[in-house]
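See below for the structure under consideration.
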Amino acid sequence: MTLQKGDAVILDDITLSLERARFLAIIGPNGAGKSSLVKILLGIDHPTQGSVAVLGSPPGHHAKRAAYVPQLKTFDRSFPATAIQLVVSGERQAWPARTTAREREQALEALTEVGAEHLADRPLARLSGGELQRTYLARALVRKPELVVLDEPATGVDFMAEHDLNHLLEAYQDKTQATVVMVTHDLAAARHHATDVLVLNRTVVGFGEPERALSDECLRRAYGHVGHAHSGFVAW
Ligand SMILES: Nc1ncnc2c1ncn2[C@@H]1O[C@H](COP(=O)(O)OP(=O)(O)OP(=O)(O)O)[C@@H](O)[C@H]1O
Ligand SMILES: [Mg+2]
């Protein structure tokens, strides 16, 4: 599959397949095409050449079976809503003016699953970054998706919240056998939590088990070097 925008080749000849019930981490330098690839998986953008199948169908075909956790920085916190309303919006795919008892029950269940039931009636403006992240995760999980796609979910979130997030995803995956695809800059998280790693730099630099895909050789090819920051992070 190839993605071109004007003269620029954004994704070049990407060929790979991922089994269901895997946890894929996508890593690579800024501008490597990670978000572009995620948008294709979600059916938001389309390849210029080649084809993609997600859950056995064209991307976006089974939108209800896939959930997306967006980057935090795009969210306007002044929006006058509570955590539970944000979660119900994931269930409905629309903004709920009022929530029904059933919707509230399901949303509370999802919030409980991510350890955030106490935040249910808290206005979004009064949530910390990590709390908002958990709420977003509950919003994604409330419909029990078979595919969860997260684009840099840990951006702006402190270490503990990030640690919790990775464990929550693992627990959800264990329980439901869902497939998780997460874009991250955290090589340690990729190494410890993912079953598969894609090292991307416009094309596939490495793909497979974390140990193999995160080898010095692949990292050097993707980032141009394996500096202290990277090797230190990997060893951590
Ligand atoms: N609509 C577009 N038209 C032209 N170029 C684009 C368009 N969208 C993205 N690009 C380019 O495609 C490349 C990949 O962008 P993408 O956002 O996928 O990178 P990324 O790996 O997610 O980077 P980051 O780590 O910074 O989030 C970038 O060079 C970007 O400028
Ligand atoms: Mg990106």
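In this note's numbering, the protein residues as written are 5 to 240. Glycine residues also receive a C-beta, built at the ideal position from the N, C-alpha and C atoms. Predicted model only: the values in this text are computed from it and were never measured.
Item: For A158, the three-state DSSP class (helix, strand or coil); Value: coil
Item: S132 beta carbon near ligand 2 (any heavy atom closer than 8 Å); Value: no
Item: Continuous alpha helix (DSSP H) stretch holding Q89: start and end; Value: 87-96
Item: Test item: CB-CB of L141 and L172 under 9 Å; Value: yes
Item: A87 to V209 span [Cα, whole Å]; Value: 39 Å
Item: Distance between beta carbons of T6 and G54, contact taken as under 8 Å; Value: 6 Å
Item: Closest residue to D190 among T183, T180, D162, Q181 (Cα-Cα distance); Value: D162
Item: Whole beta strand (DSSP E) elements within the segment 6-62, 3-residue minimum; Value: 7-9, 12-15, 27-31
Item: Own chain, CB closer than 6 Å to P62, minus 5 neighbours either side, in chain order; Value: none
Item: heavy atom of ligand 1 below 8 Å from E156 C-beta; Value: yes
Item: Nearest neighbour of A25, chosen from D200, E215, L218, R106 [CA to CA]; Value: D200
Item: Three-state secondary structure (DSSP) of T183; Value: strand
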